[in-house]
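**Student:** Positions in the sequence shown are counted from 1; adding 853 to them yields our numbering.
We treat Cβ as the ideally placed atom computed from N, Cα and C, and that holds for glycine.
The model shown is predicted, which means the values in this text are computed figures rather than measured ones.
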Amino acid sequence: RNVEAPDLRLSQEQDEPPPVLVVSLPDWSSASCMGQYVLADRRANGLPCWMRQDGAHWLFSSLQGHWIVGGSDLKFDEFWRNSGIISSSHRHLGRMPHRVDAKCWMLWNGTELVEDARVSVTVPDWSSMAHAL
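#1: Does the distance from the C-beta atom of residue 892 to that of residue 960 stay below 8 Å?
#2: Report the residue from 979, 870, 976 and 875 whose alpha carbon sits nearest the alpha carbon of residue 922.
#3: Can you tell me the Cα-Cα spacing of residue 888 and residue 899, whole angstroms?
#4: Please go through the region 902-971 and give each complete alpha helix (DSSP H) segment of 4 or more residues, from N-terminal end onward.
#5: Can you round the beta-carbon distance between residue 940 and residue 966 to whole angstroms, since I take them to be within the 8 Å contact cut?
#6: What is the rounded straight-line gap between the Cα of residue 886 and the Cα of residue 946?
#7: Check each candidate in 937, 978, 976 and 977 and name the one with the smallest Cα separation from residue 958.
#8: With a threshold of 16 other CB atoms inside 10 Å of the CB of residue 979, please say whether the residue is buried or exposed.
#9: Would you give the residue range spanned by the beta strand (DSSP E) that residue 891 belongs to?
#10: List the DSSP bridge partners of residue 873.
#11: Please classify residue 918: is it buried, with 16 or more other beta-carbons within 10 angstroms of its beta-carbon, or exposed?
#12: In angstroms, rounded to a whole number, what distance separates the CA positions of residue 901 and residue 969?
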């Protein structure tokens, strides 16, 4: 059921999907979905998706054009859900998750999704990591 909605396809000038993304959250939140996500060999709703290294969470595009982070059950639902632990508050319009405005992420607080500017999805800076070793 991989659906490719025309308004969500990557345009020619878009970035290639990064091989690794890092999801960071505020201290109070559930750390279960924090960490490194590796580009998967499948697509979700016509766009790339990433799997957390332990396979417990996925980062993917919803049919409505929001980036979503949710549990491994999403893969079995074929990525048809429209919400998760983290969601971009605005449609991404084909921008990769690390290109979404930092103020546009929402986090599930146990009751509802709330905007939280401390949520970030970034490409790791391997050069600074190498210098730290």
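**Tutor:** This is what the structure holds:
#1: Residue mapping note: residue 892 aligns to position 39 of the sequence shown, counting from 1. Residue mapping note: residue 960 aligns to position 107 of the sequence shown, counting from 1. In this structure, residue 960 does not lie closer than 8 Å to residue 892 by Cβ.
#2: The count along the sequence shown starts at 1 and reaches residue 922 at position 69. Answer by Cα proximity: 875.
#3: Residue mapping note: residue 888 aligns to position 35 of the sequence shown, counting from 1. Residue mapping note: residue 899 aligns to position 46 of the sequence shown, counting from 1. In a straight line, the C-alpha of residue 888 is about 24 Å away from that of residue 899.
#4: 926-929
#5: Taking the first residue of the sequence shown as 1, we reach residue 940 at position 87. Taking the first residue of the sequence shown as 1, we reach residue 966 at position 113. The pair is a contact, with the Cβ atoms about 6 Å apart (cut-off 8 Å).
#6: For the purposes of this step, residue 886 is taken as residue 33 along the sequence shown, with counting starting at 1. For the purposes of this step, residue 946 is taken as residue 93 along the sequence shown, with counting starting at 1. Between residue 886 and residue 946, the C-alpha separation is close to 24 Å.
#7: As a position in the sequence shown, residue 958 is number 105, starting the count at 1. Of 937, 978, 976 and 977, the residue nearest in Cα terms is 937.
#8: On the sequence shown, position 126 is the one that residue 979 refers to. With fewer than 16 Cβ atoms within 10 Å of its Cβ, residue 979 is classed as exposed.
#9: Working through the sequence shown from its first residue, we reach residue 891 at position 38. From DSSP, the beta strand (DSSP E) with residue 891 extends over 888-897.
#10: Counted from its first residue, the sequence shown places residue 873 at position 20. Paired residues: 891.
#11: As a first step, residue 918 is located in the sequence shown; it is residue number 65 there, counting from the start. Buried: at least 16 other Cβ atoms inside 10 Å.
#12: By 1-based counting over the sequence shown, the position of residue 901 is 48. By 1-based counting over the sequence shown, the position of residue 969 is 116. Cα to Cα, the separation comes out at about 24 Å.
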